[in-house]
Amino acid sequence: MIICSLGHSDQLARSLAKKLKAAYSKIIINHFPDGDIYLRYNCKVKDKTVVLINSFQPEPNGALYAAVFAAETAQDLGAKKVILVAPYLGFMRQDKRFKDGEAVSSRIMAKLLDSCIDKIITFDAHLHRYKSLTDLFEIPAVNLTANSLIADYIKKKVSQPLLMGPDWESSQWARRIAGQIGAESAVLEKTRHSYRKVTVKLREKITFKNKNVVIVDDIISTGSTMVEAAKTATRLGAKSVMAIAVHGVFAEGAYKKLKKAASKIVTTNTIRHNSNKIDITALLVNELKKKF
Ligand code: R5P
Numbered sequence: 001m002i003i004c005s006l007g008h009s010d011q012l013a014r015s016l017a018k019k020l021k022a023a024y025s026k027i028i029i030n031h032f033p034d035g036d037i038y039l040r041y042n043c044k045v046k047d048k049t050v051v052l053i054n055s056f057q058p059e060p061n062g063a064l065y066a067a068v069f070a071a072e073t074a075q076d077l078g079a080k081k082v083i084l085v086a087p088y089l090g091f092m093r094q095d096k097r098f099k100d101g102e103a104v105s106s107r108i109m110a111k112l113l114d115s116c117i118d119k120i121i122t123f124d125a126h127l128h129r130y131k132s133l134t135d136l137f138e139i140p141a142v143n144l145t146a147n148s149l150i151a152d153y154i155k156k157k158v159s160q161p162l163l164m165g166p167d168w169e170s171s172q173w174a175r176r177i178a179g180q181i182g183a184e185s186a187v188l189e190k191t192r193h194s195y196r197k198v199t200v201k202l203r204e205k206i207t208f209k210n211k212n213v214v215i216v217d218d219i220i221s222t223g224s225t226m227v228e229a230a231k232t233a234t235r236l237g238a239k240s241v242m243a244i245a246v247h248g249v250f251a252e253g254a255y256k257k258l259k260k261a262a263s264k265i266v267t268t269n270t271i272r273h274n275s276n277k278i279d280i281t282a283l284l285v286n287e288l289k290k291k292f
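The letter at position 18 of the sequence shown is residue 18 when you use this note's numbering, and the numbering goes up by one with no holes.
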């Protein structure tokens with residue numbers, strides 16, 4: 001097995017290789033003067049299981065191209081198998097045609113990857129209209145969850161937490177983690193008015209006074225969801241507000257915006273960021289040790 005990094009997740013790839021006692025290599029990606037992608041393996045891949053590691057952030061379109069070029073090249077050079085580890089998988093939020101004529105990006109992404117890789121592994125994929133990744137991919141597709149790691153982190157760091165989900169989809173994180181650590185939980189009702197504007201409402205009867213509120217969601221993108229949820233918790237009397245997300249995308253200055261609304265921001269290292277406090281490496285090691 002050889003662990004090959006494609007640029008966005010170098011640190012994670014290196015620590016994974018170390019823990020798996022496997023070789024590590026960084027694939028060279030450049031651009032020709034006209035802008036075309038240039039890709040070259042720095043190692044021999046013939047007869048090897050090539051594990052490509054790349055998060056689909058900070059540059060999702062480039063990450064998809066890089067994965068396809070690297071996988072096709074590995075197959076061409078005689079690799080035994082090609083596994084893509086995309087700790088954060090992009091394109092998943094466009095899971096239907098919301099307006100006439102739109103591309104269903106998640107389906108196109110899956111079709112491209114199906115054609116050149118043998119297995120995909122990701123974390124807490126944005127599954128709302130798809131029930132599982134098998135609705136989308138034809139190849140084996142594993143959706144790991146960071147829930148147990150987040151639960152451990154909260155248990156260690158927050159006394160008497162109240163877990164909050166900012167919208168019904170986030171129940172799969174907030175309610176489940178609350179169940180795992182025996183904490184109270186509340187889920188807000190969210191209305192999305194545009195990419196950048198949401199409003200939230202608390203319908204449940206639960207007291208926030210003097211509670212350490214921990215908001216848990218899968219993605220922080222523009223931060224609008226977390227900011228509104230944090231403001232609601234504060235307005236309802238929370239003692240402290242921590243925002244935890246599996247994937248810290250932090251688009252358009254979201255981190256700065258959220259820092260004003262929450263006392264602490266925590267993410268996993270599916271996307272490299274200063275807020276990474278929860279390490280997913282061990283879960284990946286387990287998955288990659290499985291026979292495939
Ligand atoms: C939506 O369904 C997701 O779970 C997140 O709440 C959403 O991606 C967050 O987006 P934003 O940070 O732009 O509000």
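By construction, the Cβ of each residue, glycine as well, lies at the ideal position given by its N, Cα and C atoms.
Item	Value
From the DSSP secondary-structure annotation, give me the bridge partner or partners of D217.	A245
I need the straight-line Cα distance from L202 to L163, nearest angstrom please.	13 angstroms
Put F123 into one of helix, strand or coil per three-state DSSP.	strand
Okay, do the stretch 257–264 and the stretch 108–123 touch, 3+ Cβ pairs below 8 angstroms being the bar?	no
Judging by CA-CA distance, which residue of H273, T232, T268, L236 is the nearest neighbour of A251?	H273
Exposed or buried, which one is A282 when buried takes at least 16 other CB atoms within 10 Å?	exposed
Could you tell me if H31 is buried or exposed, where buried requires 16 or more neighbouring beta carbons within 10 angstroms of its beta carbon?	exposed
Are there any heavy atoms of ligand 1 lying less than 7 angstroms away from the beta-carbon of P58, as far as the coordinates show?	no
Since I believe I150 is in contact with I278 (beta carbons under 8 angstroms), could you give me their beta-carbon distance rounded to a whole number of angstroms?	6 angstroms
Classify T199 as buried or exposed, calling it buried when 16 or more other Cβ atoms lie within 10 Å of its own Cβ.	exposed
Could you compute how far the alpha carbon of V85 sits from the alpha carbon of K209?	42 angstroms
Check whether the Cβ atoms of S170 and V216 sit closer than 8 angstroms, and answer yes or no.	yes
What are the complete beta strand (DSSP E) segments, minimum 3 residues, inside the stretch 72–121?	81–86
Of all the alpha helix (DSSP H) runs that stay within the bounds of the stretch 4–33, which reach a length of 4 or more residues?	10–20
Decide if P33 is buried, meaning its Cβ has at least 16 other Cβ atoms within 10 Å, or exposed.	exposed
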